[in-house]
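Below is one structure; the comments refer to it alone.
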């Protein structure tokens, strides 16, 4: 029996952890959590998102712009995030409407598809 979602993982290029932390921790405001010692040598970092985790791993040789795979971050003020991202020069991509939600997408600095979604 599956009882929940523990974590999801995205990847960034090997050696891009400083830029990744700058975007995900400093800009988006997500909290970094300590990786277990046994996994630190693999690179990347872990984030706390509400009561879940996002693992940011490292991987080369993958074009992130070619995939629909993404994480959707639930937000309280979608207009705020749209404005902040546009001010940083990030292109907003309007998503297909879903009843009961306002949402949009963008690509992070590494090409990962990201969705911001707000319940109406």
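In full-length UniProt numbering, the protein residues as written are 1 to 120.
Beta carbons are placed, not taken as given, at the ideal position from N, Cα and C, and that holds for glycine.
Beta carbon of residue i nearer than 7 Å to that of residue j
i	j	result
residue 74	residue 8	no
residue 82	residue 92	yes
residue 101	residue 78	no
residue 60	residue 13	yes
Assumed close pair residue i, residue j - CB separation to whole angstroms, cut-off 8 Å
i	j	result
residue 103	residue 69	No, residue 103 and residue 69 are not in contact; Cβ-Cβ is about 16 Å, not under 8 Å.
residue 54	residue 10	7 Å
residue 42	residue 110	Residue 42 to residue 110, Cβ: 17 Å. No contact.
residue 32	residue 47	6 Å
residue 20	residue 56	6 Å
Neighbour-count burial assignment, residue i, 16 or more Cβ in a 10 Å radius
i	result
residue 120	exposed
Same chain only: Cβ atoms within 7 Å of residue i, ignoring 5 sequence neighbours per side
i	result
residue 86	92
residue 23	108 and 109
residue 18	none
is_contact[residue i, chain D] using C-beta, thresh 7 Å
i	result
residue 113	The structure shown has no chain D; it contains just one protein chain.
Cβ shell of residue i (< 6 Å), same chain only, five flanking positions each side left out
i	result
residue 44	56, 57 and 58
Same chain, Cβ closer than 8 Å to residue i, neighbours up to 5 away in sequence not counted
i	result
residue 6	52 and 53
Q. Which runs of the beta strand (DSSP E), 3 residues or longer, sit entirely within the stretch 80–113?
A. 101–107
Q | Every unbroken beta strand (DSSP E) within the stretch 39–80, with a cutoff of 3 residues, ordered by chain | A | 45–49, 52–58 and 70–74
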